[in-house]
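Here the structure is laid out as structure tokens; the discussion comes afterwards.
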Amino acid sequence: MIEDELREAFARHEAQAPPLDPLRRAIDGLAARRRRRRTVTRTGAAAVAVALALALPVQLWRGGLEVPLPLGVGASTTAAPSGPLNLLLLGLDGSGSVRNARTDTIMLVHLPADGSQAYLVSIERDLATDMPGVGTTKINGVYSRGGVEAARDAVQRLTGIRADAVAEVEFSALRSVTDTLGGLPVCLPEPMRSQHTGALFPAGCRDYTGDQVQDLMRQRKILLHGGYDRDRVGQRVLLGLAKKAGDRSLLSDFWVVSQLARTPGITLHTGDLSLLGLAMRLDRVEAADIVGISQPTFYVTKIDGVFYEQLDPAVAPGLFRALRDDTMSAFAQAHPAWVLQE
Amino acid sequence: MTYEEFVNSRLGALARYAVMLTGDQHTAQDLVQETMVRVQLNWRRVARADVPERYVKRMMINQYTDWRRGSWLRRVFLRPDADQAVAVPVDHAQRTADRDQIWSVLATLPRQQRAALVLRYYEDLPDVEIAEMLGCTVGTARGYISKALTRLRESAERLSLGGVR
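Quick note, the sequences are listed as chains U and D, same order. Start counting the first sequence at 1; every next residue gets the next number (full-length UniProt numbering). Start counting the second sequence at 1; every next residue gets the next number (full-length UniProt numbering).
Here you go:
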């Protein structure tokens, strides 16, 4: 029987296995060398993803490049902050003044204290929130009425989480960063046809240009779960960004880095958080460790004749507790429907 | 499990498994080395897998079968002293030559097919798990195995018809 001969042949050649001691030494030596190289040139993949804005100083710092920084990055405090971190990412549609801008992408980026992963927790734009002095309003309108701090407060009222830092990113900035990086790999679970340009975005993974990414992220009405699905597209774009940024050769390119550093439309509010410390935290997260979290679908409510979205009362409190208690991996395991499927 | 514990207990098995996949000691060494460097650098992620050993073996298969990304393979083939096959301990020279005929036919199989044979006849995995390891459907995995077996049988027949035996 050929099968028996095959088994015999395999068994006989076990003797050819390479000797283990030299093998082990070779592995350790190679790994040490690669680790050294990595600490010099590897970019924090998640760093760019988390917020383009947060990432730029990170890249500059890692690359040791002499490029004027938009924010005063002092070399004073470099200790990585301990404890979980929450960063608020506001994606702004509409250009120019705060008054015209809507934050259609709202995302809490949660970094657990152990630095093992990053969670992108999307907050749907039509969620009802009570804004002091205004009354019930949709959360995407808070920014235009009260700016960054009002948006930060609204997210705190909703989730109980006070964001440690806030990044404002205009769509135009995302577009130009995408083009600077030479496109982003984005994976879609289903094909989408743009209601704005008629372009067809096929299911599966492909590289997208800046214009395409912007078009992609504006689609909502054509999607089965509306804003929720769009939030997940946004998460997929950030994952693509993280993957792209993880490409060492790309960000060690001086031209690319200096282009990124000059991207207009990105504003960062770190408060008393040390930017370098933040960079050190983000650097430990890789693209594969980023987990997208969002409510699966609509949960409509009507207040004073206006339709709003609300959070699923059976799940959302547990989500926010997990964010506060730093137990997100348990939450993700218990609620697979809330986890972005790659 | 720590990385140290994993290496202490599993490196031998991984080295043997690499020989079955690649067919010679040299390439096997490169395959294990390249994989284990990645394992060491990303141990956290590997340790999160249900069965880390299975995860690592799958990494090895991917690396072995994936031509496009497999830069290590290119390195191996470009190396000047490539494939100094190590002699297998022999009892009767002629018998060994006959028996090792199967080994040299294995070397001519497409990588996916060889990997499938290793998973079934060396690792003794059920077809469902073979498919999982190869990242294909069960039907495809079975197809690999039956094609490979046919090829092995044919060459065995050719050999006996040629009167070598």
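We put the CB at the ideal spot given by N, CA and C, even for glycine.
Quick one: Cα of residue 107 of chain U to Cα of residue 169 of chain U, how far?
Rounded to whole angstroms, residue 107 of chain U to residue 169 of chain U spans 11 angstroms at the Cα level.
Give every residue of the same chain whose Cβ lies closer than 8 angstroms to the Cβ of residue 145 of chain U, excluding the five residues on either side of it in the sequence, and list them in chain order.
Counting only Cβ-Cβ distances below 8 angstroms, and skipping sequence neighbours, we find 131, 134, 137.
Run the CB neighbour count on residue 333 of chain U, radius 10 Å, all protein chains shown included, and call it buried at 16 or more, exposed below.
Residue 333 of chain U is exposed by the Cβ-count criterion.
Would you kindly work out how many angstroms separate the C-alpha atoms of residue 193 of chain U and residue 113 of chain U, rounded to a whole number?
For residue 193 of chain U and residue 113 of chain U, the distance between alpha carbons rounds to 40 angstroms.
Among U:105, U:302, U:289, U:310, whose alpha-carbon lies nearest the alpha-carbon of residue 339 of chain U?
Checking every option, the nearest Cα to that of residue 339 of chain U belongs to U:289.
At a Cβ threshold of 7 angstroms, is residue 44 of chain U touching chain D?
Caution applies to residue 44 of chain U, whose pLDDT of 35 falls short of 50 and renders its modelled position unreliable; the model cannot decide the point.
Look at the alpha carbon of residue 124 of chain U and the alpha carbon of residue 86 of chain U, and state the distance between them as a whole number of angstroms.
In a straight line, the C-alpha of residue 124 of chain U is about 17 angstroms away from that of residue 86 of chain U.
Along the chain, where does the beta strand (DSSP E) containing residue 317 of chain U start, and where does it finish?
Segment 316-325 is the alpha helix (DSSP H) holding residue 317 of chain U; no beta strand (DSSP E) there.
What is the DSSP secondary structure of residue 3 of chain D, counted as helix, strand or coil?
Helix at residue 3 of chain D.
Please name the residue, chosen from U:304, U:309, U:292, that lies closest to residue 298 of chain U on a Cα-to-Cα basis.
If we check each option's Cα against that of residue 298 of chain U, U:309 comes out closest.
Quick one: list the residues of chain U neighbouring residue 12 of chain D, beta-carbon separation under 9 angstroms, in chain order.
Under the 9 angstroms cutoff, chain U gives 17, 20.
Which word fits residue 8 of chain U, buried or exposed, when buried means at least 16 other C-beta atoms lie within 10 angstroms of its C-beta?
Residue 8 of chain U should be labelled exposed.
Where does the unbroken beta strand (DSSP E) through residue 86 of chain U begin, and where does it stop?
Run containing residue 86 of chain U: 85-93, per the beta strand (DSSP E) assignment.
Does DSSP put residue 228 of chain U in a helix, in a strand, or in coil?
Three-state result, residue 228 of chain U: helix.
How close, in whole Å, do the beta carbons of residue 20 of chain U and residue 12 of chain D come, if the pair is a contact with beta carbons under 8 angstroms?
With 8 angstroms as the limit, residue 20 of chain U and residue 12 of chain D qualify as a contact, their Cβ atoms being about 6 angstroms apart.
Spell out whether any CB of chain U is found under 7 angstroms from the CB atom of residue 19 of chain D.
Chain U contact via Cβ: present.
At 8 angstroms on the CB atoms, spell out the chain U contacts of residue 24 of chain D, in chain order.
Ordered by position in chain U, the residues that pass the 8 angstroms Cβ test against residue 24 of chain D are 16.
Under 7 angstroms Cβ to Cβ from residue 303 of chain U, same chain only, skipping five residues before and after it: list those, please.
If we look at residue 303 of chain U and ignore the five residues flanking it on each side, its Cβ neighbours are 128, 136.
Helix, strand or coil for residue 302 of chain U? Go by DSSP, reduced to three states.
Strand at residue 302 of chain U.
If we cut at 7 angstroms on Cβ distances, does residue 26 of chain U have a partner in chain D?
Closer than 7 angstroms: yes.
Under a Cβ-count criterion, where at least 16 other Cβ atoms within 10 Å of its own Cβ denotes burial, should residue 40 of chain D be classed as buried or exposed?
Buried, by the Cβ-count rule.
Go to residue 102 of chain U, then tell me how far its beta strand (DSSP E) extends in each direction, as first and last residue.
Start and end: 102-111.
Please confirm whether residue 117 of chain D and residue 148 of chain D have their CB atoms less than 7 angstroms apart.
Yes, the Cβ-Cβ distance between residue 117 of chain D and residue 148 of chain D is below 7 angstroms.
What is the DSSP secondary structure of residue 125 of chain U, reduced to helix, strand or coil?
Note: residue 125 of chain U maps to coil in three-state DSSP.
Which residue wins for smallest C-alpha separation from residue 188 of chain U, given the options U:195, U:216, U:155?
Here the closest residue by C-alpha is U:216.
Would you mind reading off the limits of the beta strand (DSSP E) that contains residue 122 of chain D?
Looking at the DSSP string, residue 122 of chain D is not in any beta strand (DSSP E), and its letter there is neither H nor E.
At the level of alpha carbons, what is the spacing between residue 164 of chain U and residue 124 of chain D?
So the two alpha carbons sit approximately 52 angstroms from each other.
Along the chain, where does the beta strand (DSSP E) containing residue 57 of chain D start, and where does it finish?
That residue, residue 57 of chain D, is in no beta strand (DSSP E); its alpha helix (DSSP H) goes 52-65.
7 angstroms is my cut-off, CB to CB: does residue 59 of chain D come that close to chain U?
Chain U contact via Cβ: absent.
Going along chain D, which residues have a C-beta under 9 angstroms from residue 5 of chain U?
Ordered by position in chain D, the residues that pass the 9 angstroms Cβ test against residue 5 of chain U are 99, 102, 152, 156.
Quickly, what does DSSP pair residue 266 of chain U with across the bridge? List them, please.
According to DSSP, which records beta bridges pairwise, residue 266 of chain U is partnered with U:169.
Within the same chain, show all residues whose beta-carbon is closer than 8 angstroms to that of residue 137 of chain D, passing over the 5 residues directly before and after it, in chain order.
Closer than 8 angstroms at the Cβ level, and outside the excluded window around residue 137 of chain D, lie 131.
From U:221, U:3, U:204, pick the residue whose C-alpha is nearest to that of residue 153 of chain D; which is it?
Selected option, being the one with the closest Cα: U:3.
Residues of chain U with a CB under 7 angstroms from the CB of residue 149 of chain D: which are they?
By Cβ distance, chain U contributes 2.
Give the straight-line distance between the Cα atoms of residue 221 of chain U and residue 104 of chain U, rounded to the nearest whole angstrom.
Distance between the alpha carbons of residue 221 of chain U and residue 104 of chain U is about 13 angstroms.
Which residues mark the beginning and the end of the beta strand (DSSP E) in which residue 206 of chain U is found?
Looking at the DSSP string, the run of the beta strand (DSSP E) that includes residue 206 of chain U is 204-208.
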